[in-house]
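Only one structure is covered here, and it is reproduced in the block below.
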Amino acid sequence: MIAAKPPMGWNSWNTFGKDIDEKLIFQIADTMVREGYRDAGYEYLVIDDCWSLKERDSDGNLVPDPEKFPHGMKAVADYVHGKGLKFGMYSCAGILTCAGYPSSYDHEYEDARLFARWGVDYLKYDYCNFPRNADGVNRYHTMSMALKATGREICFAACNWGHQQSWNWMRSIGAHMYRSTGDIFDNFRSFMGIFQSQLEHLCQSGPYCFNDLDMLTVGMYNQGNVAIGKPCTDGEYRMQFSLWCLAGAPLMIGADIRNLVPQMKKLLLNKELIRIDQDLECRPPCLVGRRSVMVPEEDRENAVEPLRAVKDQLFTFIKHLSDNEFVIAYYNLFTEERDISFIFADAGVPYSSGYGFDMRDVFTGEELGVKRDYYTVSVPGHDCKVFLCRLAPFHS
Ligand code: GAL
Numbered sequence: 003m004i005a006a007k008p009p010m011g012w013n014s015w016n017t018f019g020k021d022i023d024e025k026l027i028f029q030i031a032d033t034m035v036r037e038g039y040r041d042a043g044y045e046y047l048v049i050d051d052c053w054s055l056k057e058r059d060s061d062g063n064l065v066p067d068p069e070k071f072p073h074g075m076k077a078v079a080d081y082v083h084g085k086g087l088k089f090g091m092y093s094c095a096g097i098l099t100c101a102g103y104p105s106s107y108d109h110e111y112e113d114a115r116l117f118a119r120w121g122v123d124y125l126k127y128d129y130c131n132f133p134r135n136a137d138g139v140n141r142y143h144t145m146s147m148a149l150k151a152t153g154r155e156i157c158f159a160a161c162n163w164g165h166q167q168s169w170n171w172m173r174s175i176g177a178h179m180y181r182s183t184g185d186i187f188d189n190f191r192s193f194m195g196i197f198q199s200q201l202e203h204l205c206q207s208g209p210y211c212f213n214d215l216d217m218l219t220v221g222m223y224n225q226g227n228v229a230i231g232k233p234c235t236d237g238e239y240r241m242q243f244s245l246w247c248l249a250g251a252p253l254m255i256g257a258d259i260r261n262l263v264p265q266m267k268k269l270l271l272n273k274e275l276i277r278i279d280q281d282l283e284c285r286p287p288c289l290v291g292r293r294s295v296m297v298p299e300e301d302r303e304n305a306v307e308p309l310r311a312v313k314d315q316l317f318t319f320i321k322h323l324s325d326n327e328f329v330i331a332y333y334n335l336f337t338e339e340r341d342i343s344f345i346f347a348d349a350g351v352p353y354s355s356g357y358g359f360d361m362r363d364v365f366t367g368e369e370l371g372v373k374r375d376y377y378t379v380s381v382p383g384h385d386c387k388v389f390l391c392r393l394a395p396f397h398s
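Just so we're aligned, residue 3 is where the sequence shown starts under the numbering used here, counting upward by one.
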C-alpha cells in the first residue's frame, strides 16, 4: 500500500540542484540511517532533476550521466535499498525537464519500465516544457497508468503546480501526492504563502493522495539552490515544520542532513510533530476564532483585495487527531512578540461545558495541566507554540 500516510523522505533539489552524484546519494543514505531519519519515518531518498545525459540513447532510453552516476542507477537503487530505504527519481510530463534534460512526454511507458527495472519506488513528475496543445490531465493519467503497468509499487508524486485545479482530479487519476503550488524558496514569505494558498484545499488531501506543500527548507539557512531573500530564523523553521505537520503534508527534507545544526535535526526528528503529520484521520487544521485569512505582514500590500482588509496576524488552529487527541497551535506573523489567546468556546468547548484542555508543549515536552475557558500564550515574532491536548473535566 503506497501513501496510506503522508510520504516522508529527502529530496536533492533544494540544497543541491544540479550538483548531484552517487557519492552524495550514498552519503545521504548513510546519514538517513545513522542519524535516525529512517527510523523516524523518512523513508524515500529522491534524486530530483539533472541526473541524466542531455540525449536519450539510440534505443530511446534515458541515460544516467556517467560522470555523476558511474555505476548506473540500478547500483544507486541497490545501495539505497540496502540501507532499508526507498529510492525516488524525477522526470517531467513535458518534452524537457525544467533544467532542460530529456523528459517523458510521449515516452511514458518506456520510461516507467526503465524506472521499474532500476528499482525506483517513487517518481516525482514535473510540468515544465509541456506542449501547448497537449492535455495535462491526460498526460498525468498516462504516467500514472504507465507506472501501474510495470507491476511495481511506485509512489506517483505529481508536480504540476496546481494547473487546472489539480486538487480536483489528482486523486482520481491515481497520484499519491500532488504539488499544487510553485516552488518553495528558503524564506518566510515563500513558505507562508504556500501554506496560505493551500489551506482551503487541505480537505482534498488524505490517505493515498496528499496535497504536497513542497520540500521543506527547514535547516537550510539559505545554503543551496533555493536561497532567495532573507534566511529563515529558527522560529520561522518551527512555523514551517509545524504548519506542514498540521496540514498532514508529505515531509520531504530539502536540507543537507550531513551538516545540520542540532536544533534543526531535533525539529525534523520531533516525534510528536511527526505523529501529528502522520495521524490516521488526516483531518486538516481548523482555523478558529475571528481570524479567517492568513497574510504575512510583508505581503499585505501585495495581497489580493479580500485579503488586504484583514488586520489580524495572530492565528490559532485546532486539529482533531485520532484517539480523542487534539493539537492547538498559535502562530504570530508579527515580527515582535505578542500574546495570543485561544478561546476554547471558539472550538466548541465553552466554560459551561465543564471541560477544558489538558495541554502539553510539543517543543519542550512541558505539561501545562488542565486549562479552562481559554489559554493565552506569549509567542515571539515569527514563531509558534504548539500543544497536544485532551479534553478534561474541571471542577469549579
Ligand atoms: C521545478 C519543481 C522543483 C524542481 C525543479 C527541477 O519545476 O517545482 O521542485 O523539481 O523543477 O528543475
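Heads up, the beta-carbon is just placed ideally off N, CA and C, and yes, glycines get one too.
No experiment lies behind these values; they were computed from the predicted model shown.
In the structure shown, what three-state DSSP assignment does residue i receive?
| i | result |
| --- | --- |
| A114 | helix |
| I230 | coil |
| E400 | Examination of residue 400 is not possible in this model, given that the chain is present from 3 through 398 alone. |
| L87 | coil |
| H143 | helix |
| N16 | helix |
| I259 | helix |
| G208 | strand |
| T99 | coil |
| D41 | helix |
| A311 | Below a pLDDT of 50, predicted positions are generally treated as unreliable, and A311, at 32, falls in that range; the measurement from the model is reported next regardless. DSSP places A311 in coil when its eight states are reduced to three. |
| I276 | helix |
| L393 | strand |
| S380 | strand |
| A5 | coil |
| I30 | helix |
| S175 | This sequence places Ile at residue 175; Ser is not what is there. Correct three-state label for I175: coil. |
| G195 | helix |
| E155 | coil |
| V48 | strand |
| R58 | coil |
| G264 | Looking at the sequence provided, one finds Pro at residue 264 rather than Gly. It is helical. |
| G371 | strand |
| N170 | helix |
| M10 | strand |
| K126 | strand |
| G358 | strand |
| F243 | helix |
| A136 | coil |
Closest to residue i by C-alpha separation, out of the options, would be which residue?
| i | options | result |
| --- | --- | --- |
| M1 | E155, L87, L390, N334 | A question about residue 1 goes unanswered here, because the residues of the chain that appear run from 3 up to 398. |
| C130 | I97, G153, A118 | I97 |
| M222 | G256, G38, Q167, H73 | G256 |
| A347 | R240, E37, Y377 | Y377 |
| V379 | P352, C391, L390, Y332 | Y332 |
| K88 | K76, Y81, K70, E45 | E45 |
| L400 | S354, E202, N272, A77 | Look at the range of the chain in this structure, 3 to 398, and you will see that residue 400 is not part of it. |
| F158 | G237, A118, E368 | A118 |
| D385 | A229, D236, G208 | D236 |
| W163 | G153, R181, G176 | R181 |
| F132 | P252, G121, T99 | T99 |
| K20 | G356, Q315, G226 | G226 |
| L47 | G356, Y92, V351, V364 | Y92 |
| M194 | R134, Q242, K232, L204 | Q242 |
| A229 | P9, K7, T17, S174 | T17 |
| I330 | A95, C205, R134, D363 | D363 |
| E368 | I22, K387, M172, S343 | K387 |
| Q315 | I342, L275, P8 | I342 |
| C247 | K232, R285, G231 | R285 |
Between which residues of its own chain and residue i is the CB-CB distance below 6 angstroms, once the five residues before and five after are set aside?
| i | result |
| --- | --- |
| A349 | V290, I320 |
| M254 | G11, N13, M217 |
| Y210 | A5 |
| Y111 | A148 |
| D281 | L323, S324 |
| W15 | D50 |
| L245 | F197 |
| T144 | E110 |
| V35 | K85 |
| R173 | C211 |
What does a CB cutoff of less than 7 angstroms around residue i pick up in its chain, not counting 5 residues either side in sequence?
| i | result |
| --- | --- |
| K373 | G358, F359, M361 |
| S199 | T183 |
| L196 | As written in the sequence, residue 196 is Ile, which differs from the Leu given in the question. Cβ neighbours of I196 beyond the five flanking positions: T183, I186, L215, D216. |
| H73 | E24 |
| Q29 | R260 |
| W120 | M75, K76, A79 |
| R115 | T152 |
>> Contact between the region 264–273 and the region 313–323 is defined here as three or more beta-carbon pairs at a separation below 8 angstroms; is this criterion met?
In response: no
> Closer than 5 angstroms from C-beta to any heavy atom of the ligand GAL: which residues, in chain order?
Replying inline: W15, D50, D51, C100, A101, D128, D185
> Hey, is the region 214–230 in contact with the region 174–193, meaning 3+ C-beta pairs nearer than 8 angstroms?
Replying inline: yes
> Below 8 angstroms, can you find three or more Cβ-Cβ pairs linking the region 104–124 to the region 51–67?
Replying inline: With a cut-off of 8 angstroms, the region 51–67 and the region 104–124 count as touching, because enough Cβ pairs lie within range.
> Can we say the region 164–181 touches the region 131–141, given the rule of at least three CB pairs closer than 8 angstroms?
Replying inline: Put simply, the region 164–181 touches the region 131–141. At least three CB pairs are less than 8 angstroms apart.
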